[in-house]
Amino acid sequence: MLNEGSTLILKGTAASPGVAEGVVKIVQGSHDAPHFEEGSILVAEMTEPTMVIMMNRAAAIVTNHGGITSHPAIVSRELGIPCVVNTKAATTTLRDGMRVRVDGGKGEIYIL
Amino acid sequence: MVAYPNWIDEHARSVYQAWIGMVPSQWGALNFLELLTHLDGTFIKKMHQAVRTLKKERSVEEVAKSISSPSVLRCAFWYLTQEYATAEHKDKATFREVAEYLVEILRFMVPVDTFALTQNLGIRQEEIERMLKETPWQEGNPASARELGKLYNSAAAVAFALYRDFFPQVSHEVYGPYDANSRFGEGCILLVKDFPDLKHTELWPQTHSFSIGTLKIFQILQGVSFSCDWIGMHSRYEGDLINGLRASAVMANGQFVSSPEEIKKVRGALEHAAVEHSSVYEKMSIDEWIIKTLEWECFQFINFFKLAGMDWKPTKEMLENTKGKPVPLGVSVDSFPPFEEYGTNPEYEIYWLKDLYQ
Numbered sequence: 299m300l301n302e303g304s305t306l307i308l309k310g311t312a313a314s315p316g317v318a319e320g321v322v323k324i325v326q327g328s329h330d331a332p333h334f335e336e337g338s339i340l341v342a343e344m345t346e347p348t349m350v351i352m353m354n355r356a357a358a359i360v361t362n363h364g365g366i367t368s369h370p371a372i373v374s375r376e377l378g379i380p381c382v383v384n385t386k387a388a389t390t391t392l393r394d395g396m397r398v399r400v401d402g403g404k405g406e407i408y409i410l
Numbered sequence: 025m026v027a028y029p030n031w032i033d034e035h036a037r038s039v040y041q042a043w044i045g046m047v048p049s050q051w052g053a054l055n056f057l058e059l060l061t062h063l064d065g066t067f068i069k070k071m072h073q074a075v076r077t078l079k080k081e082r083s084v085e086e087v088a089k090s091i092s093s094p095s096v097l098r099c100a101f102w103y104l105t106q107e108y109a110t111a112e113h114k115d116k117a118t119f120r121e122v123a124e125y126l127v128e129i130l131r132f133m134v135p136v137d138t139f140a141l142t143q144n145l146g147i148r149q150e151e152i153e154r155m156l157k158e159t160p161w162q163e164g165n166p167a168s169a170r171e172l173g174k175l176y177n178s179a180a181a182v183a184f185a186l187y188r189d190f191f192p193q194v195s196h197e198v199y200g201p202y203d204a205n206s207r208f209g210e211g212c213i214l215l216v217k218d219f220p221d222l223k224h225t226e227l228w229p230q231t232h233s234f235s236i237g238t239l240k241i242f243q244i245l246q247g248v249s250f251s252c253d254w255i256g257m258h259s260r261y262e263g264d265l266i267n268g269l270r271a272s273a274v275m276a277n278g279q280f281v282s283s284p285e286e287i288k289k290v291r292g293a294l295e296h297a298a299v300e301h302s303s304v305y306e307k308m309s310i311d312e313w314i315i316k317t318l319e320w321e322c323f324q325f326i327n328f329f330k331l332a333g334m335d336w337k338p339t340k341e342m343l344e345n346t347k348g349k350p351v352p353l354g355v356s357v358d359s360f361p362p363f364e365e366y367g368t369n370p371e372y373e374i375y376w377l378k379d380l381y382q
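Which chain is which? The protein sequence lines are B and X, in order.
408 is the number that the numbering used here gives to position 110 of the first sequence; each next residue is one higher, with no gaps.
234 is the number that the numbering used here gives to position 210 of the second sequence; each next residue is one higher, with no gaps.
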């Protein structure tokens, strides 16, 4: 599917509305923090407390798992950033450095 | 049809709605629901001892004040129903007495929508009026709204690090929505985000160096609706939280913090605490996780037990019943049955609550 020069690459549950574009950074824990730049798209199997600093810098959050009241979903709504959860395969479909658009209202991720 | 009290249906509807929005298979690290099956009524027995004393010696108001938030009591009640439903030796009279007393306390704490089907009104109206009048409100803007979001995330991360997936409500509660029109104009609501226990050396001696023990975030939102399910932190919004922030206030360690620099400093301390404490938990063995999980189960009632003149920690029976028992990592529940089945199938705890009245 094409949308303004982008291709739909992944879908999940829409957890926090808004649209953000940025560079993917797949994270596993606090050791990823030094390499996580402000405005990156945080991609993880699931968020956890060690990721707090990166979540505070992220432009959007995408996870493999989670429901609409899961940790990433609740926190993203408070941060006012888009979030898509339950994609099943974000950490295997997306790659570090990919430029993507996250539509948190539709639960869709586009590669740019 | 057997008659049973209405609160069982109220409780069931709220719990069910909450479960639909969650993915329990990702809860961890330890499968607490499995651990509960090994208790075989031993925590219920400890609770019953406290209930017997408190009913005789303390007022409902005093007991309600000993519990840190309504969501703690809602969750704890549900865990107790799980323990009872899976116990090999069921003592119906004992559990009924505990259940009815806890529901009485919860009704006192939250007279309206007690089980939080859509809202969590655990703060009395007179206290809300005082907050609206006396809080040193700062004018809201998108930048401050984003900073509050980061502050919230950081405090929530500490609560998550200290109490993990099954007990974060011990230090993470969201109250609201309250009508704030009288003070801020049409379409305004007040939310209170409360983190009452971000440092507790009785449970985690490692937290002695944490600089932030309590945090409250007060938000006035306009054109934003709020709802939750069963647990206050299960927040859902319609509207724009960033552009809808009309006013806010932050209280850390009981003192209002007003400048953006001070708020960022508090946030930094919380971020650091969350990361630091996560590594403490991750380094623990499975046997240590089992003991810590039992401690959490008791700790949520720490002041309740103290009020009853009891030690808050797990009993010898609780430790013996769980010692060496297999407790898997991660929860195996991936889906939930239709609501009617949830309320009638003996595989689920609601059946056993109704059975108390047969």
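Glycine included, each C-beta is placed from N, C-alpha and C at the ideal position.
Being a predicted model, the structure only gives us computed values, none of them experimental.
The C-beta distance from Gly405(B) to Lys309(B) rounds to 6 angstroms, short enough to meet the 8 angstroms contact threshold. Restricting attention to Gly200(X), Leu227(X) and Ser359(X), the CA atom closest to the CA of Leu214(X) is found in Gly200(X).
Contact between Cys212(X) and Leu172(X) fails: their C-beta atoms lie close to 16 angstroms from each other, not under 8 angstroms. In the structure shown, Phe325(X) falls within a coil segment according to DSSP collapsed to helix, strand and coil.
Per DSSP, the beta-bridge partners of Ala312(B) are Val382(B). Using beta-carbon distances, Val373(B) counts as an interface residue toward chain X, with a partner under 7 angstroms. Contacts between Val341(B) and chain X, judged by CB atoms closer than 9 angstroms, are missing: the closest CB pair is about 16 angstroms apart.
Scanning its chain for C-beta atoms nearer than 8 angstroms, with the 5 sequence neighbours on each side dropped, one finds around Lys330(X) the residues Ser90 and Trp336, in chain order. Residues are counted here when their Cβ sits less than 7 angstroms from a Cβ of chain X; for the segment 355-373 of chain B these are His363, Gly364, Gly365, Ile366, Thr367, Ser368, His369, Ile372 and Val373, given in chain order.
For the C-beta of Ser95(X), not a single chain B residue is nearer than 9 angstroms; the gap to the nearest is close to 12 angstroms. In the DSSP assignment, Arg397(B) falls within the unbroken beta strand (DSSP E) covering Arg397 to Asp401. Taking Ser302(X) as reference, the option from Val290(X), Ser272(X), Ala185(X) and Thr66(X) with the minimal CA-CA separation is Ala185(X). Within the segment 26-99 of chain X, the complete alpha helix (DSSP H) segments of 4 residues or longer fall at 30-44, 56-63, 66-81 and 84-89, listed in chain order.
Glu124(X) is positioned such that its CB atom lies no closer than 7 angstroms to that of Ile68(X). In this structure, the CA atom of Gly367(X) is about 11 angstroms from the CA atom of Val39(X).
Sequence-ordered contacts of the segment 145-178 of chain X with chain B read Ala169, Arg170, Gly173, Lys174, Tyr176, Asn177 and Ser178 [C-beta pairs closer than 7 angstroms].
Chain X has no Cβ within less than 7 angstroms of the Cβ of Thr311(B).
Judged by DSSP secondary structure, Tyr125(X) falls within the alpha helix (DSSP H) whose first and last residues are Lys116 to Met133.
Here Asn345(X) is buried. Its C-beta has 16 or more other C-beta atoms within 10 Å.
No Cβ-Cβ contact shorter than 7 angstroms links Gly45(X) with Pro94(X). Three or more Cβ pairs closer than 8 angstroms define a contact, and the segment 385-405 of chain B falls short of that threshold against the segment 220-231 of chain X.
Minimum Cα-Cα distance from Gly164(X) among the listed residues Lys316(X), Leu265(X), Gly292(X) and Pro338(X) corresponds to Leu265(X).
Here Ala342(B) is buried: its Cβ has 16 or more other Cβ atoms, across all protein chains shown, within 10 Å. With the criterion set as a beta carbon lying under 7 angstroms from some beta carbon of chain B, the members of the segment 280-301 of chain X are Glu295, Ala298 and Val299, in sequence order. Rounded to the nearest angstrom, the Cβ distance from Trp43(X) to Phe323(X) is 24 angstroms, too far for a contact under 8 angstroms. Separation of the CB atoms of Gly402(B) and Val382(B) is rounded to 6 angstroms, and the pair is thereby assigned contact status at 8 angstroms. Taking the C-beta atoms as reference points, Ser338(B) is found nearer than 7 angstroms to Gly320(B).
A residue is called buried once 16 or more other Cβ atoms fall within 10 Å of its Cβ, and Tyr408(B) is buried on that count.
At least one CB atom of chain X sits nearer than 7 angstroms to the CB of Gly378(B).
Annotated three-state conformation of Val325(B) is coil, per DSSP. In this structure, Ile32(X) lies near Leu377(X), with their beta-carbon atoms less than 7 angstroms apart. Taking C-beta separations shorter than 6 angstroms and ignoring five residues to either side along the sequence, the partners of Thr110(X) in its chain run Thr61, following chain order. Residue burial is scored here from C-beta neighbours: Asn55(X) has at least 16 other C-beta atoms within 10 angstroms and is therefore classed as buried. The continuous beta strand (DSSP E) containing Asp253(X) extends over residues Ser249 to Asp253.
Residues of chain X with a Cβ closer than 8 angstroms to the Cβ of Ile351(B) are, in chain order, Glu295 and Val299.
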